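Chemist: Mind having a look at this structure? Questions to follow.
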Amino acid sequence: MLLKLAWLSILNRRGTAFLTIFSIAISVALLLGIEQLRESMRNSFLQTVSGIDLVVGARGDAIPILLYSVFRLGEATNNLRWQSYLEWTGDERVEWAIPISLGDSHKGYRVLGTTTDYWKHYKYGHNRKIELEAGKFFDGLYDAVIGSVVAEKLEYQLNQQIVIAHGAGSAALFKHDDQPFQVVGILKPTGTPVDQTIHVSLEAIEAIHIGWEDGFPSTETDNPEKIKLSDLQPKSITAFLVRLTSKMHTFRLQGEINAYEKEPLSAILPGVAMQKLWQIMGIFEKSLMAVSAIVILSSLTSLISLLLATMNERRREMAILRSVGAGPLTVFYLLWIEATVLCFVGVCLGFVFQYIGLIAVSPIVQDQLGLQILLEWPGTKEFVFVLLIMTCGMLMSFFPAWRAYMISLHDGLLPKA
Amino acid sequence: MKKNAVLVRDLKFAWPASTISTLKIANLNIPENSRTLIQGPSGSGKTTLLSLLAGILLPISGQTVVLSEDLTRLNSKRRDAFRVDHISFLFQQFNLIPYLNLIENVLLPCRFSRVRYQNAGSDEAGLKDEACRLLNLLGLEPEKFSHLTTQKLSVGQQQRVAAARALVGNPKLILADEPTSALDPENRLAFLELIFKQCSKNQSTLIMVSHDTSLSAQFDQVIDLDVLNQANGF
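Protein sequences, first through last, are from chains C and P.
Okay, so the first sequence: first residue is 44 according to my numbering, each after it adds one.
Okay, so the second sequence: first residue is 6 according to my numbering, each after it adds one.
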């Protein structure tokens, strides 16, 4: 009965009630959306690489090494010698090692030089291998295999000719236009930076840089036809990803690599570096959460102020209810239920808004940031959020309800309006 | 001898802020099934007296016995419960909840009182029939108005709905505060007649306060509050 009364009373004030519900819904959607984005980000980072025990780069800090080698973010300050790679790969504790060479780009997408080991061993997500959508993995010198996003955004198909630019970014100055590449393979989407990468062989990287030892093209043009595969033994690479025969060797080998005498190297544990990264991100995440919590608080406050503002015009209504037998406590409950219903509808609508919002935003985020947004059904965490918001709203609603109680006690059956 | 519906002895009442008594009544008897008009100019304390009779206000001293129950001895919760079951009100104007339809407005007392719920029909269908019957009696055809919000009714129509609500579920005591003052003079008598008829059928006692002297002839008993009230604080 009270629920029905409360509901009808809300309908009677549907204009303002709708605005209040809307404001609660938006703030709830904001909070849930941020949480979902955070979750997606964490997930996508963790999914990027799997099955790798160590990442080895030139001496440096763990986070930059992780960022440039796995996430293709930022630049490596130094390369490491090919010889070092061969030496460590020869270690009996190493099951396999994938070399990667970065530094060039094509229309803003990173070019990654590697070996066929990459196709054999690289895994992401839960042990998933990279698969081809079309074509084949590279085997010729000027073969390129492109990620799904590259293919889609640049509308490239097999046999497309591409020119690689020296340096990263779309405004790279020098182009290796004397040696164009041909797309021979297109990868299936992975939801990782692989989608935005152009893969070529290490030899190709070497080939296009012949005569570039000073960092820019030499004045005497080489004839590409003269380049022979045998001359293209790589001299340096950016990093290599190591898989050990047993996890037990991890720390030992890490220590040995870090103490390597012939060249200053750093071996990092991707999991540990990831943790460190999260600690830094944590501050950012927490401030986002705090902002959305404040937004929720402010919309709950607007709910309370709406109820308080209508209190005077409702004095008569409360007096009538009292005169037909509603006790002051009933009036209290009526107001309280009304606030709770508004809050509840707001929160439910917030969920709907969140999903609509994420579905709308998800392709943009995927394009711009390469981040795949997870669309999951609400779980325990969301449930706890909602419970918290509802409790907060219900506690705050005590205030107008108590006001109504006092008014109805004071006015009795005769409103002093 | 008839039993008394209302019995007041040595009552004194003053509003909290004032030092002088507003009401001082030595003795007031209102027999059961009677129609009593309490007259007096505005500000003479008519409404205050009704509030005292309903147990909404409590006297500083003295007794108010209503339907054999001494209201001054009940705690506020019991008074509320007692009032819900046995007393109904009819006010001057704006008596209806704007977001409920006619029938729901009429049935409101049954939602808060089990006694009146059972008296009115004891199930939803019965309640609805009873509400329609009362509305019909008071000259409103519920079918014609049921889809309207109460705000679309004229003042006279609203008063009839309020009257039906005051009558639903056979309350023993009906307290009416200027119920006719918003009506046209020609409608007043007819409106009163309808209420009277229903009251005698239900064996309810009606106490009405009004400053309108033209209605006196219709009542069993007319009390001039200025004579009854011995407080001379004005």
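We put the CB at the ideal spot given by N, CA and C, even for glycine.
Computed from a predicted structure; not experimentally measured.
Look up A460 of chain C in the DSSP assignment and say whether it is helix, strand or coil.
Modeler: Confidence is the limiting factor: at A460 of chain C the pLDDT is only 40, short of 50, which leaves the residue's position unreliable, though a coordinate-based value still follows. A460 of chain C falls in the coil class under three-state DSSP.
Chemist: I need the DSSP call for R83 of chain P, collapsed to helix, strand or coil.
Modeler: Here R83 of chain P sits in helix by DSSP.
Chemist: Would you say L113 of chain P reaches chain C, if we count a Cβ-Cβ gap shorter than 8 angstroms as a contact?
Modeler: True, the Cβ-Cβ gap to chain C drops below 8 angstroms.
Chemist: Check each residue of the segment 53-82 of chain C: if its Cβ is closer than 7 angstroms to any Cβ of chain P, include it; give the result in chain order.
Modeler: Residues L54, N55.
Chemist: Taking Cβ positions only, does F117 of chain P come closer than 8 angstroms to chain C?
Modeler: So yes, F117 of chain P belongs to the interface.
Chemist: Using Cβ-Cβ distances below 8 angstroms, what residues of the segment 335-365 of chain C are close to chain P?
Modeler: So the close ones are R359, E360, I363, L364.
Chemist: Taking the beta strand (DSSP E) that H216 of chain P belongs to, which residues open and close that run?
Modeler: Segment: none, H216 of chain P is in no beta strand (DSSP E) and carries neither H nor E.
Chemist: Please list, in chain order, the chain P residues whose beta carbon lies closer than 8 angstroms to that of V388 of chain C.
Modeler: Here the premise fails: no neighbours, minimum Cβ distance about 17 angstroms.
Chemist: Could you tell me the boundaries of the alpha helix (DSSP H) in which R446 of chain C lies?
Modeler: Where R446 of chain C is concerned, the enclosing alpha helix (DSSP H) stretches over 423-454.
Chemist: Work out the CA separation of A336 of chain C and G131 of chain P for me, nearest whole Å.
Modeler: C-alpha separation (whole angstroms): 51 angstroms.
Chemist: Pull up the DSSP beta-bridge partners for V193 of chain C, would you.
Modeler: According to DSSP, which records beta bridges pairwise, V193 of chain C is partnered with nothing at all.
Chemist: Does DSSP put S39 of chain P in a helix, in a strand, or in coil?
Modeler: In this structure, S39 of chain P counts as coil in the three-state DSSP scheme.
Chemist: Please look up how many angstroms separate the CB atoms of A19 of chain P and I65 of chain P, rounded, as I've assumed it's under 8 angstroms.
Modeler: Yes, they are in contact, since the Cβ atoms of A19 of chain P and I65 of chain P sit about 6 angstroms apart, within 8 angstroms.
Chemist: Please report the Cβ distance between V237 of chain C and L230 of chain C, rounded to the nearest whole angstrom; I am assuming they are in contact, meaning their Cβ atoms lie under 8 angstroms.
Modeler: With a Cβ gap of about 7 angstroms, V237 of chain C and L230 of chain C count as contacting.
Chemist: Whole angstroms is fine: what's the gap from Q409 of chain C's alpha carbon to G314 of chain C's?
Modeler: Straight-line Cα distance between these residues: approximately 24 angstroms.
Chemist: Using 8 angstroms as the threshold, is the segment 65-82 of chain C in touch with the segment 290-308 of chain C, meaning 3 or more CB pairs across them?
Modeler: With the cut-off at 8 angstroms, the segment 65-82 of chain C and the segment 290-308 of chain C do not touch.
Chemist: For I397 of chain C, count the other beta carbons within 10 Å of its own beta carbon; 16 or more makes it buried, fewer makes it exposed. Which is it?
Modeler: The identity of residue 397 of chain C in the sequence shown is Gln, whereas the question assumes Ile. Per the 10 Å Cβ criterion, buried.
Chemist: When we look at the beta-carbon of I407 of chain C and count the other beta-carbons within 10 Å, is it buried (16 or more) or exposed?
Modeler: Classification for I407 of chain C: exposed.
Chemist: Determine the burial state of T158 of chain C: buried for a count of at least 16 other Cβ atoms within 10 Å of its Cβ, exposed for fewer.
Modeler: When all chains shown are included, T158 of chain C counts as buried.
Chemist: Could you check which residue in P:V120, P:I228, P:C115, P:E109 has the C-alpha nearest to that of C147 of chain P?
Modeler: It should be pointed out that residue 147 of chain P corresponds to Pro in this sequence rather than to Cys. Of the candidates P:V120, P:I228, P:C115, P:E109, the one whose C-alpha sits nearest the C-alpha of P147 of chain P is P:E109.
Chemist: For the alpha helix (DSSP H) holding L197 of chain P, just list the boundary residues, first then last.
Modeler: From DSSP, the alpha helix (DSSP H) with L197 of chain P extends over 190-207.
Chemist: Could you have a look at F239 of chain P and say whether DSSP puts it in helix, strand or coil?
Modeler: Reliability of the predicted coordinates at F239 of chain P is poor, the pLDDT of 45 falling under 50, and the value obtained from them is presented with this limitation in mind. Of the three classes helix, strand and coil, the one that applies to F239 of chain P here is coil, per DSSP.
Chemist: Tell me, please, whether the CB atom of V408 of chain C is closer than 8 angstroms to any CB atom in chain P?
Modeler: By this cut-off, V408 of chain C is not an interface position.
Chemist: Using a Cβ-Cβ distance under 8 angstroms, would A194 of chain C count as near chain P?
Modeler: So no, A194 of chain C is outside the interface.
Chemist: Measuring only from the beta carbon, is L346 of chain C closer than 7 angstroms to any heavy atom that is part of the ligand ZN?
Modeler: Because no ligand of any kind appears in the structure shown, any question about the ligand ZN cannot be addressed here.
Chemist: If you follow the beta strand (DSSP E) that N9 of chain P is part of, which residue opens it and which one closes it?
Modeler: 9-18 is the span of the beta strand (DSSP E), which, as asked, contains N9 of chain P.
Chemist: Quick one: is F99 of chain P buried, meaning 16 or more other Cβ sit within 10 Å of its Cβ, or exposed?
Modeler: It is buried - the Cβ of F99 of chain P has at least 16 other Cβ atoms within 10 Å.
Chemist: So with CB distances below 8 angstroms, who are the chain P contacts of A369 of chain C?
Modeler: Within 8 angstroms Cβ-Cβ: F117.
Chemist: Can you tell me whether Q397 of chain C is helix, strand or coil according to DSSP?
Modeler: Correct three-state label for Q397 of chain C: helix.
Chemist: Contact between the segment 69-80 of chain C and the segment 281-296 of chain C is defined here as three or more beta-carbon pairs at a separation below 8 angstroms; is this criterion met?
Modeler: The segment 69-80 of chain C is not in contact with the segment 281-296 of chain C.
Chemist: Would you kindly work out how many angstroms separate the C-alpha atoms of I333 of chain C and L350 of chain C, rounded to a whole number?
Modeler: For the record, residue 333 of chain C in the displayed sequence is Ala; it is not Ile. Cα-Cα distance, rounded: 26 angstroms.
Chemist: Quick check: the segment 364-375 of chain C against the segment 89-104 of chain C, are at least 3 beta-carbon pairs closer than 8 angstroms?
Modeler: They do not touch, by the three-pair rule.
Chemist: For H453 of chain C, count neighbouring Cβ atoms within 10 angstroms of its own Cβ and tell me buried if that reaches 16, exposed if not.
Modeler: That one is exposed.
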